[in-house]
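Residue numbers (our numbering): 23 to 278.
Glycine residues also receive a C-beta, built at the ideal position from the N, C-alpha and C atoms.
Computed from a prediction, not measured in an experiment: that's the story for all the values here.
Notes follow the structure.
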Amino acid sequence: RFIGGVAWRQNEQTFDGYRAIYKGSDKLKVDYSYVYNVNRIFGEQSAASDLRGKLHLGNVSYQVSEKTAVTGFAYLLDFESALAISTRTLGMRVSGDVVDNVSYTLSYASQQDYGDNPKDFSVDYALAELKGQVGKVGWTVGYEALGSDNGVGFTTPLATAHKFQGFADKFLGTPGNGIEDIYVSAVTTLGGVKLVATYHDFSAHEGDADYGNELDLVAAYKFNKNVSGLIKAAVYDADEHGTDTSKVWAMVNFAF
Numbered sequence: 023r024f025i026g027g028v029a030w031r032q033n034e035q036t037f038d039g040y041r042a043i044y045k046g047s048d049k050l051k052v053d054y055s056y057v058y059n060v061n062r063i064f065g066e067q068s069a070a071s072d073l074r075g076k077l078h079l080g081n082v083s084y085q086v087s088e089k090t091a092v093t094g095f096a097y098l099l100d101f102e103s104a105l106a107i108s109t110r111t112l113g114m115r116v117s118g119d120v121v122d123n124v125s126y127t128l129s130y131a132s133q134q135d136y137g138d139n140p141k142d143f144s145v146d147y148a149l150a151e152l153k154g155q156v157g158k159v160g161w162t163v164g165y166e167a168l169g170s171d172n173g174v175g176f177t178t179p180l181a182t183a184h185k186f187q188g189f190a191d192k193f194l195g196t197p198g199n200g201i202e203d204i205y206v207s208a209v210t211t212l213g214g215v216k217l218v219a220t221y222h223d224f225s226a227h228e229g230d231a232d233y234g235n236e237l238d239l240v241a242a243y244k245f246n247k248n249v250s251g252l253i254k255a256a257v258y259d260a261d262e263h264g265t266d267t268s269k270v271w272a273m274v275n276f277a278f
C-alpha cells in the first residue's frame, strides 16, 4: 500500500538502492531497503523523472499463528528536492482468518514531517477490510482513512496509487482535509472471463465534505499461455472534489 512499482503504467517505477532480507525462521521475516533514487513513471526526458534522497524502507513480519500474521513497518523518506513529501511513517498491519472463507486485514500508521520538510504535522492512517467467498463470487468490504493535520493529508508518494481509491486517479495526491474511502467489491469468472466491480464512496476525513463516488469495472481474459487481454472502466461522479470523469482502457499482454 505504501511502496509499489506502478506496474500498471507502461514505464514502471523502479528503485536504485540496496535490499537485504533475513528469514529467521518460517515465521519471522525482516525486509530492509536503502534507496537513494526513485525512477518515476514519467521517463528520463521529464524533469520529474527522478526523486533522489535518503530513503529507509523496512518491515518485520511474524506469523503469530496459522491464521494470524503481524507486520510492523517503518518508511523514512528524506528527499533532496521534494521536501513537502519527506515523511516518517510508522505502523502495523494484522491479517488473518475470521472463519472459513472470510479473512480480515487491519492496519494503522502514524506519519510526521521528516528531514527538511518545512511543514509541521502528524497524521494517521487506518484500514479495516473483510474478504470472503460465496459460491463463485468473491467479495470485499473495506474502510480506509488517510488523515489530515494543519491542512496536510497523509501521503503515499511511492505507492502504486492507481490501485487504490479509484481507477479514475482523482486521489493520487491526498486532499488537505484527508480522505475516507468506503468501498465494496465483487469478483467472479464467467466463461473464462474474470469480472471485477468495485464501488467507492469518498468523503473528507476532516469536515463534512462529500467528495464523490466511483464505479470501477474490469474484464480480463487469457486467450492462451502467451496472450491475455483486459478492458477496464472508471466512472467518477464528483460532488465536492474534482469533476465528473469517465475513463476506459483496453490492453493486450504478450508473454514470451
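Rounded C-alpha distance that separates residue i from residue j
i: tyrosine 40; j: glycine 80; result: 12 Å
i: asparagine 199; j: glycine 175; result: 6 Å
i: lysine 89; j: leucine 152; result: 14 Å
i: glycine 113; j: serine 68; result: 33 Å
i: alanine 260; j: phenylalanine 189; result: 14 Å
i: leucine 149; j: tyrosine 130; result: 7 Å
i: histidine 78; j: serine 268; result: 37 Å
i: valine 225; j: methionine 273; result: Before going further, note that residue 225 is serine rather than valine in the sequence given. One C-alpha to the other measures close to 31 Å.
i: serine 55; j: valine 82; result: 12 Å
i: glutamine 279; j: lysine 45; result: It is not possible to answer for residue 279, since the shown part of the chain is limited to 23 through 278.
i: asparagine 248; j: glycine 213; result: 19 Å
Start-to-end residues for the beta strand (DSSP E) that takes in residue i
i: serine 68; result: First-last for serine 68: undefined, no H or E at that position.
i: lysine 269; result: 267 to 276
i: phenylalanine 224; result: 215 to 225
i: serine 132; result: 124 to 135
i: phenylalanine 193; result: Segment: none, phenylalanine 193 is in no beta strand (DSSP E) and carries neither H nor E.
Cutoff 6 Å; reference residue i; Cβ partners in own chain excluding five residues on either side
i: aspartate 158; result: The identity of residue 158 in the sequence shown is lysine, whereas the question assumes aspartate. Excluding sequence neighbours, lysine 158 sits near Thr210.
i: valine 92; result: Tyr84, Val86 and Val116
i: serine 207; result: Thr162 and Thr220
Sequence-distant residues of the same chain with beta carbon closer than 7 Å to residue i, five excluded per side
i: serine 170; result: Val145, Gly198, Asn199, Gly200, His227 and Glu228
Distance between beta carbons of residue j and residue i, contact taken as under 8 Å
i: aspartate 191; j: tyrosine 136; result: Not really, about 26 Å apart at Cβ, beyond 8 Å.
i: threonine 220; j: aspartate 203; result: Incorrect: roughly 11 Å between the Cβ atoms, too far for contact.
i: leucine 105; j: asparagine 139; result: 5 Å
i: proline 24; j: threonine 111; result: Here the sequence assigns phenylalanine to residue 24, which means proline is not the residue at that position. Rounded, the Cβ-Cβ distance is 7 Å, consistent with contact.
i: glycine 27; j: threonine 182; result: 7 Å
i: serine 250; j: alanine 241; result: That pair is no contact at about 11 Å.
i: threonine 196; j: leucine 217; result: Not really, about 30 Å apart at Cβ, beyond 8 Å.
Cut-off 8 Å between Cβ atoms - residues of its own chain near residue i, not counting five sequence neighbours on either side
i: serine 71; result: Asn61, Arg62, Phe64 and Gly65
i: aspartate 223; result: Asp203, Ile204, Tyr205 and Asn235
Item to complete: Determine, using beta-carbon pairs with one atom in the segment 49 to 63 and one in the segment 108 to 121, whether at least three such pairs fall under 8 Å.
Response: These segments do not touch.
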